[in-house]
Amino acid sequence: ETGVTQSPTHLIKTRGQQVTLRCSSQSGHNTVSWYQQALGQGPQFIFQYYREEENGRGNFPPRFSGLQFPNYSSELNVNALELDDSALYLCASSSQGTRSEKLFFGSGTQLSVL
Amino acid sequence: SQQGEEDPQALSIQEGENATMNCSYKTSINNLQWYRQNSGRGLVHLILIRSNEREKHSGRLRVTLDTSKKSSSLLITASRAADTASYFCATAPGGGADGLTFGKGTHLIIQP
Numbered sequence: 158e159t160g161v162t163q164s165p166t167h168l169i170k171t172r173g174q175q176v177t178l179r180c181s182s183q184s185g186h187n188t189v190s191w192y193q194q195a196l197g198q199g200p201q202f203i204f205q206y207y208r209e210e211e212n213g214r215g216n217f218p219p220r221f222s223g224l225q226f227p228n229y230s231s232e233l234n235v236n237a238l239e240l241d242d243s244a245l246y247l248c249a250s251s252s253q254g255t256r257s258e259k260l261f262f263g264s265g266t267q268l269s270v271l
Numbered sequence: 295s296q297q298g299e300e301d302p303q304a305l306s307i308q309e310g311e312n313a314t315m316n317c318s319y320k321t322s323i324n325n326l327q328w329y330r331q332n333s334g335r336g337l338v339h340l341i342l343i344r345s346n347e348r349e350k351h352s353g354r355l356r357v358t359l360d361t362s363k364k365s366s367s368l369l370i371t372a373s374r375a376a377d378t379a380s381y382f383c384a385t386a387p388g389g390g391a392d393g394l395t396f397g398k399g400t401h402l403i404i405q406p
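Here it is in structure tokens:
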């Protein structure tokens, strides 16, 4: 079991609403990345934060935004929710900065958009 | 978009047998990793193989990498019921903070 914790575990929202998901990284890790996993698919990279700066982004629109705090915890914010945003959102931490090395994943937040 | 493609999509074997799953990818990589996911929850890192390595072992796991064919295989020996899970390969690009690119996974079922 990793030391990465995510909250909440489940969330139900309505189309058009905004949502904030939270992640506490494993002790000693300064890099947090977020992934979206639709049902039956593999995770897709949303973005990565290193030392409080976004330093990598996947193919997601600007309504997906994030923050990393001085203690390296992180938030994922999604505005103007769409039905297709329904997915498992996974946070992962690592200590490698800009290199894509071994990731430690949290258990995820299951988001349902109605 | 998914770079890696696992094969087969699903695999059912008897406990004690060996399980082999394959992964193909499209672009050059820095490393390739395998992860396990139980019941749609968090992923657990299994093994990482770098682009200049051809084979790696970890316990009952054996991973091979063929960069000329852009493919990798994961072998689980002496399977156990607890190995039932989805297995994903993930590739890391040649440089930068582009995150990992995952395939769609192989769902492995171990019959007791």
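Each protein sequence line maps, in turn, to chains A and B. To convert, count from 1 in the first sequence and add 157; that's this note's numbering. To convert, count from 1 in the second sequence and add 294; that's this note's numbering. Each residue gets a CB set at the ideal place from its N, CA and C atoms; glycine is no exception. Note that the structure is a prediction, hence the values are computed from the model and not measured.
Contact under 8 angstroms by Cβ, residue i with residue j
| i | j | result |
| --- | --- | --- |
| residue 393 of chain B | residue 222 of chain A | no |
| residue 183 of chain A | residue 250 of chain A | yes |
| residue 252 of chain A | residue 185 of chain A | yes |
DSSP bridge partner residues for residue i (one or two, in chain order)
| i | result |
| --- | --- |
| residue 381 of chain B | B:330, B:400 |
| residue 259 of chain A | DSSP, once it has assigned bridges, lists no residue as partnering residue 259 of chain A. |
| residue 189 of chain A | A:206, A:250 |
| residue 343 of chain B | B:326 |
Spatial distance of residue i from residue j (CA atoms)
| i | j | result |
| --- | --- | --- |
| residue 177 of chain A | residue 345 of chain B | 37 angstroms |
| residue 325 of chain B | residue 303 of chain B | 22 angstroms |
| residue 260 of chain A | residue 248 of chain A | 9 angstroms |
| residue 301 of chain B | residue 263 of chain A | 26 angstroms |
| residue 212 of chain A | residue 165 of chain A | 25 angstroms |
| residue 205 of chain A | residue 215 of chain A | 9 angstroms |
| residue 238 of chain A | residue 174 of chain A | 5 angstroms |
| residue 235 of chain A | residue 208 of chain A | 21 angstroms |
| residue 411 of chain B | residue 406 of chain B | Summary: the structure shown does not reach residue 411 of chain B, with chain B confined to residues 295 through 406, and so no result is reported for it. |
Contact set for residue i: own chain, Cβ-Cβ below 6 angstroms, skip 5 residues either direction
| i | result |
| --- | --- |
| residue 330 of chain B | 338, 340, 379, 381 |
| residue 368 of chain B | 315, 328, 357 |
| residue 233 of chain A | 178, 191, 223 |
| residue 181 of chain A | 162, 230 |
Close-in-space but distant-in-sequence residues of the same chain around residue i (CB under 7 angstroms, 5 per side omitted)
| i | result |
| --- | --- |
| residue 374 of chain B | 309, 404 |
Own chain, CB closer than 8 angstroms to residue i, minus 5 neighbours either side, in chain order
| i | result |
| --- | --- |
| residue 168 of chain A | 176, 178, 266, 267, 268, 269 |
| residue 360 of chain B | 348, 366 |
Please list the residues of the segment 212-232 of chain A that have a C-beta atom closer than 9 angstroms to any C-beta atom in chain B, keeping them in chain order.
-> Contact annotation: in the segment 212-232 of chain A, residues whose CB is within less than 9 angstroms of a CB in chain B are 212, 213, 214, 215, 216.
Of all the residues that make up the segment 181-198 of chain A, which are near chain B by a beta-carbon distance shorter than 7 angstroms?
-> Going along the segment 181-198 of chain A in chain order, one finds 190, 198 with a Cβ nearer than 7 angstroms to chain B.
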